[in-house]
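Below is one structure, written out as structure tokens; comments come after it.
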Amino acid sequence: MIDHDGPVAPWRQIHAILKARIDSGEYPPGGRLPSIVTMAQDFGVALTTVRKALGALKEDGLVVTSPMGTFVAKK
Numbered sequence: 001m002i003d004h005d006g007p008v009a010p011w012r013q014i015h016a017i018l019k020a021r022i023d024s025g026e027y028p029p030g031g032r033l034p035s036i037v038t039m040a041q042d043f044g045v046a047l048t049t050v051r052k053a054l055g056a057l058k059e060d061g062l063v064v065t066s067p068m069g070t071f072v073a074k075k
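For what it's worth, the numbering used here labels the leading residue of the sequence shown as 1, then goes sequentially.
Below is the structure:
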């Protein structure tokens, strides 16, 4: 799923995948995203890579974080 040898950084690929899932409603507003550990395993990347993608989504206003996890921002 993630092209580790391609021209696009893995965190940017994950950002795009998660954004598409949010936009499609697969992850609805207020819904919880999988844990960082789960996503790292699913995408085959390091935890820091997932954190960077989530940080970019947070900057975009698409997700919010709390001690309980990462959630899709309510519109």
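Glycine included, each C-beta is placed from N, C-alpha and C at the ideal position.
Quick caveat, the model's predicted, so the values are computed rather than measured.
Burial state of leucine 54 is buried, judged by a 10 Å Cβ sphere holding 16 or more other Cβ atoms. Judged by DSSP in its simplified three-state form, valine 45 adopts coil rather than helix or strand. For serine 66, the beta-bridge partners assigned by DSSP are Gly69. When the beta-carbon positions are compared, lysine 58 and threonine 49 stay at least 8 Å from each other.
Going by C-alpha positions, leucine 47 is about 9 Å away from glutamine 41. Excluding residues up to 5 positions away in sequence, Ile2 lie with their Cβ nearer than 6 Å to the Cβ of glutamine 13 in the same chain.
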